[in-house]
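A quick write-up on the structure given underneath.
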Amino acid sequence: MLQLHRDIDRIFEDTLRGFGFPSLGSRLSNIASGESGNAFYASAFRPSLNVSSDDESYQITVEAPGLKQDDFSIEINGDVMTIQGQKQEETENKDRHFYRVERSYGRFQRTLALPEDALTEDVRANLKQGVLTITIPRKELPAGSVKKIEVST
């Protein structure tokens, strides 16, 4: 139930942010759930990602400025990839009075369904200049696996 509440908050926050409005959705959710930290000064951390492909591989890039290699966990279960991580809030600023806070901290999780031709045994991940790049090789599918569907009127 708590996950559903967070997902709804995220949808509202993403929508409001798209129109340039600040949002308290995830911050209020953090307070309601009893999560530690100052919820009014930390917004939900949800890094953006891109998924692309060429003939040989799929590539997932995740914006992750300030994160280190040890801050990530990447798992594949069947045809589902889960990318998890955490960006720690800087503690030396705890006694400061903030007038504007735009930097995000916290845990995140992104889950992606992998296509049938993803070769999950040879996945590589690389972190460089704040961008996590995950490369998933593609395997050839048998020629008989493509089925053409006729459209009737």
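Each position in the sequence shown, counted from 1, maps to that position plus 199 in this note's numbering. In this text, a Cβ means the ideal position worked out from N, Cα and C, and glycines have one as well.
Open item on the list: Checking 9 Å against the spacing of the C-beta atoms, do isoleucine 275 and threonine 334 come in under that value?
Closed with: A distance of 9 Å or more separates the beta carbons of isoleucine 275 and threonine 334.
TODO: State the beta-bridge partners of glutamine 258 as determined by DSSP.
DONE: Ser251 and Thr334
Open item on the list: Please report the distance separating the alpha-carbon of glutamate 255 from that of aspartate 294.
Closed with: 51 Å
Task: Segment limits, beta strand (DSSP E) that includes lysine 346 - done: Unbroken run through lysine 346: none, as it is neither H nor E.
Open item on the list: If you reduce the DSSP assignment to three classes, tell me which class glutamine 287 lands in.
Closed with: coil
Open item on the list: Once the 5 residues before and after valine 322 are set aside, which same chain residues still bring their CB inside 6 Å of it?
Closed with: Ile335
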